[in-house]
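Structure first, then comments.
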Amino acid sequence: IFCYDLLLKKQTHEPLGSSDIIMRRVLHLFVLTATGIHGLQPVNLYPSCRNGQRHVLFSAVEDKPLDLVPAFDAYATLPTFKKGFKPPSKAQWLQSNGVGSVDPFDLVAVELTPFSDSIKELVENQHPVLSKASKHFFEKAHGKRFRPTIVMLMAKAISGTMDNQHTPEYLKQAKLGQITEMIHTASLIHDDVLDEADTRRGGQAVHKMYNNKVAVLVGDYLLARASVLLAKLENVRVVQVMASALDSLVQGEIMQIKSTPEETLQMNYYLRKSYYKTASLICDSCKSCALLGGHALDSDIGIAAEKFGYHLGLTYQIIDDILDFTVSSEDLGKPAMADVSLGLATAPVLYAAEECRDLRPLIKRRFKEEGDCEQALHLVHSTNGLERAEQLALFHAQSAVDALNSLPQSEATAALLRLTQLVVTRKS
Numbered sequence: 020i021f022c023y024d025l026l027l028k029k030q031t032h033e034p035l036g037s038s039d040i041i042m043r044r045v046l047h048l049f050v051l052t053a054t055g056i057h058g059l060q061p062v063n064l065y066p067s068c069r070n071g072q073r074h075v076l077f078s079a080v081e082d083k084p085l086d087l088v089p090a091f092d093a094y095a096t097l098p099t100f101k102k103g104f105k106p107p108s109k110a111q112w113l114q115s116n117g118v119g120s121v122d123p124f125d126l127v128a129v130e131l132t133p134f135s136d137s138i139k140e141l142v143e144n145q146h147p148v149l150s151k152a153s154k155h156f157f158e159k160a161h162g163k164r165f166r167p168t169i170v171m172l173m174a175k176a177i178s179g180t181m182d183n184q185h186t187p188e189y190l191k192q193a194k195l196g197q198i199t200e201m202i203h204t205a206s207l208i209h210d211d212v213l214d215e216a217d218t219r220r221g222g223q224a225v226h227k228m229y230n231n232k233v234a235v236l237v238g239d240y241l242l243a244r245a246s247v248l249l250a251k252l253e254n255v256r257v258v259q260v261m262a263s264a265l266d267s268l269v270q271g272e273i274m275q276i277k278s279t280p281e282e283t284l285q286m287n288y289y290l291r292k293s294y295y296k297t298a299s300l301i302c303d304s305c306k307s308c309a310l311l312g313g314h315a316l317d318s319d320i321g322i323a324a325e326k327f328g329y330h331l332g333l334t335y336q337i338i339d340d341i342l343d344f345t346v347s348s349e350d351l352g353k354p355a356m357a358d359v360s361l362g363l364a365t366a367p368v369l370y371a372a373e374e375c376r377d378l379r380p381l382i383k384r385r386f387k388e389e390g391d392c393e394q395a396l397h398l399v400h401s402t403n404g405l406e407r408a409e410q411l412a413l414f415h416a417q418s419a420v421d422a423l424n425s426l427p428q429s430e431a432t433a434a435l436l437r438l439t440q441l442v443v444t445r446k447s
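Counted from 1, the sequence shown has number 259 at position 240 by the numbering used here; the numbering is strictly sequential.
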């Protein structure tokens, strides 16, 4: 029925709405699950803390343990916090063992050098507009390839050596890095259409270069190409895990669009949405990397890979939400205060609302009235909203580092630790 509806809209030139774009992703997920997968299996993924050595990325002034209570659901394991949770109040970067001098991007620079050209070849299409638009985000000038870097470093950390680039396992893990970047890019293109964003990564959004229809098709095409590459890995369990990442992206978008006024005030709702929209792809890519390396999901290595990706992904999103209030549009590569302009309450706003109840009506009405955005900006900066959001990010960053203790200690593991530091200290 939905396919027929899309066909009618195409024939009558009726514009696609946000629900149409979301449903196209849902259809794509159905196609994936139809290719030999008989439903996604819910798995309890978040383990209890294991004993062992703990790298201290952040140390509290008062030496008190963080009070974490795991809570499980079918997709992820979103931690919830008891009242009285005391996050680190001061960051102290780990400088021992040369970790501070490791550049995680340099360690995989050789493997990443042909990355853009390789992906551009993969998205080559007979239609020139589709090919050009698909390649737009894969030019070498765009970013440091954060997600593929995570996948490649995780592959090396799992193997315990930096000299594994010619092994069959690593070649598949490198393909997984490409798949992850293609899925991520497709989600950005679709999100820019939904959010009506003008810029992305310092350049024009695809729908501004062309139009909404081309942008939606480009996103669909990248997802389709990623699915083909995923099938070529010939690992059904990996396909299941990565399909669940697509499922999460759709759920996150729906949560963002369809949240009730009361839900917009809830920190747990914000964290769950952040997992679905951002952390899930990083988490599931790390899990898949472990699977391709020959490790079961319930093994120590599999659990460590998942925990690291989960917490690093949440750290990344929370820091991103902080930068929305502290960094200019030029440095961000996208409009500053974009979330508030879209009516979204993120961690700094939610923490500020706990101190200043005058902010709550603004959140509930999604900052729609004149002056709401300016008042929200003022209140976030005049309360402890930013500081408390940073503490939450530090908590997840430390949890990501703790997960690395179960991996073989190597230069790649140290690079993942350093990458976590860079996520917290980044300014763009």
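Where a beta carbon is used, it is the ideal one built from N, C-alpha and C, also for glycine. The structure presented is a predicted model; accordingly, all values stated were derived computationally and were not measured.
Residue i versus the options, residue with shortest Cα-Cα distance
{"i": "Ile-169", "options": "Glu-389, Glu-130, Asp-182 and Pro-187", "result": "Glu-130"}
{"i": "Ala-128", "options": "Gly-179, Lys-277, Ser-178 and Gln-184", "result": "Gln-184"}
{"i": "Thr-180", "options": "Gly-312, Gln-394 and Asp-358", "result": "Gly-312"}
{"i": "Lys-306", "options": "Glu-282, Ala-264 and Ala-431", "result": "Ala-264"}
{"i": "Phe-327", "options": "Thr-439, Val-235 and Ser-246", "result": "Thr-439"}
{"i": "Leu-248", "options": "Gln-192, Asp-391 and Leu-213", "result": "Gln-192"}
{"i": "Asp-19", "options": "Arg-445, Gly-238, Ser-178 and Phe-124", "result": "As displayed, the chain neither begins before 20 nor continues past 447, which places residue 19 out of reach and without an answer."}
{"i": "Val-443", "options": "Leu-413, Leu-310 and Ala-364", "result": "Leu-413"}
{"i": "Lys-194", "options": "Gly-238, Leu-236, Asn-254 and Met-228", "result": "Asn-254"}
{"i": "Leu-411", "options": "Leu-435, His-330 and Arg-385", "result": "His-330"}
{"i": "Val-399", "options": "Val-359, Ala-431 and Ala-234", "result": "Val-359"}
{"i": "Glu-325", "options": "Ala-431, Leu-300 and Val-258", "result": "Leu-300"}
{"i": "Leu-435", "options": "Asn-403, Met-201 and Ala-323", "result": "Ala-323"}
{"i": "Arg-256", "options": "Ala-315, Arg-164 and Ser-178", "result": "Ala-315"}
{"i": "Ala-309", "options": "Val-368, Cys-375 and Leu-172", "result": "Leu-172"}
Continuous alpha helix (DSSP H) stretch holding residue i: start and end
{"i": "Asn-287", "result": "286-293"}
{"i": "Ala-128", "result": "128-131"}
{"i": "Gln-417", "result": "404-422"}
{"i": "Ser-496", "result": "For the chain, the structure presents residues 20 to 447; residue 496 sits outside this window and is missing."}
{"i": "Ser-475", "result": "As displayed, the chain neither begins before 20 nor continues past 447, which places residue 475 out of reach and without an answer."}
{"i": "Gly-332", "result": "319-345"}
{"i": "Asn-254", "result": "No alpha helix (DSSP H) holds Asn-254; DSSP gives it neither H nor E."}
{"i": "Val-442", "result": "430-444"}
{"i": "Met-173", "result": "165-178"}
{"i": "Pro-280", "result": "Note, Pro-280: premise wrong, no alpha helix (DSSP H); not H, not E."}
{"i": "Leu-363", "result": "No alpha helix (DSSP H) contains Leu-363, which DSSP labels as neither H nor E."}
{"i": "Ala-309", "result": "299-311"}
{"i": "Pro-427", "result": "Run containing Pro-427: none; DSSP gives neither H nor E here."}
{"i": "Leu-378", "result": "378-383"}
Backbone CA spacing between residue i and residue j [nearest angstrom]
{"i": "Ile-320", "j": "Tyr-370", "result": "35 Å"}
{"i": "Asp-211", "j": "His-226", "result": "8 Å"}
{"i": "Ala-433", "j": "Asn-230", "result": "44 Å"}
{"i": "Gly-332", "j": "Lys-232", "result": "30 Å"}
{"i": "Tyr-189", "j": "Thr-199", "result": "15 Å"}
{"i": "Leu-441", "j": "Ser-418", "result": "15 Å"}
{"i": "Gln-336", "j": "Gly-390", "result": "26 Å"}
{"i": "Leu-290", "j": "Ala-364", "result": "11 Å"}
{"i": "Ala-408", "j": "Leu-423", "result": "23 Å"}
{"i": "Ile-276", "j": "Leu-405", "result": "24 Å"}
{"i": "Arg-437", "j": "Leu-426", "result": "15 Å"}
{"i": "Glu-373", "j": "Gly-271", "result": "24 Å"}
{"i": "Arg-385", "j": "Leu-213", "result": "16 Å"}
{"i": "Gln-285", "j": "Asp-421", "result": "27 Å"}
{"i": "Asp-182", "j": "Gln-259", "result": "29 Å"}
{"i": "Ala-431", "j": "Met-201", "result": "24 Å"}
{"i": "Tyr-288", "j": "Glu-282", "result": "6 Å"}
{"i": "Pro-167", "j": "Gly-196", "result": "4 Å"}
{"i": "Phe-124", "j": "Leu-236", "result": "32 Å"}
{"i": "Ser-447", "j": "Asp-339", "result": "8 Å"}
{"i": "Thr-279", "j": "Val-121", "result": "45 Å"}
{"i": "Glu-388", "j": "Ser-347", "result": "23 Å"}
{"i": "Phe-165", "j": "Gly-362", "result": "28 Å"}
{"i": "Thr-402", "j": "Glu-393", "result": "15 Å"}
{"i": "Ala-357", "j": "Thr-186", "result": "43 Å"}
{"i": "Asp-266", "j": "Ile-273", "result": "11 Å"}
{"i": "Ala-234", "j": "His-209", "result": "7 Å"}
{"i": "Ser-178", "j": "Leu-126", "result": "15 Å"}
Cβ-Cβ separation, residue j to residue i (assumed contact under 8 Å), whole Å
{"i": "Ala-366", "j": "Leu-381", "result": "Between Leu-381 and Ala-366 the Cβ distance is about 16 Å, and since that is not below 8 Å, they are no contact."}
{"i": "Lys-251", "j": "Leu-268", "result": "That belief does not hold up - the Cβ atoms of Lys-251 and Leu-268 are roughly 21 Å apart, past 8 Å."}
{"i": "His-415", "j": "Thr-345", "result": "The Cβ separation is near 18 Å, so there is no contact."}
{"i": "Ala-176", "j": "Ser-429", "result": "6 Å"}
{"i": "Lys-261", "j": "Asp-303", "result": "Before going further, note that residue 261 is Met rather than Lys in the sequence given. With a Cβ gap of about 6 Å, Met-261 and Asp-303 count as contacting."}
Chain D within 8 Å of residue i, Cβ atoms only
{"i": "Met-356", "result": "The structure shown contains no chain D; it is built from a single protein chain."}
Taking contact to mean at least 3 C-beta pairs separated by less than 8 Å, is the segment 238-245 in contact with the segment 196-205? Yes, the segment 238-245 touches the segment 196-205.
Hey, is the segment 372-388 in contact with the segment 295-310, meaning 3+ C-beta pairs nearer than 8 Å? Result no; under three Cβ-Cβ pairs closer than 8 Å.
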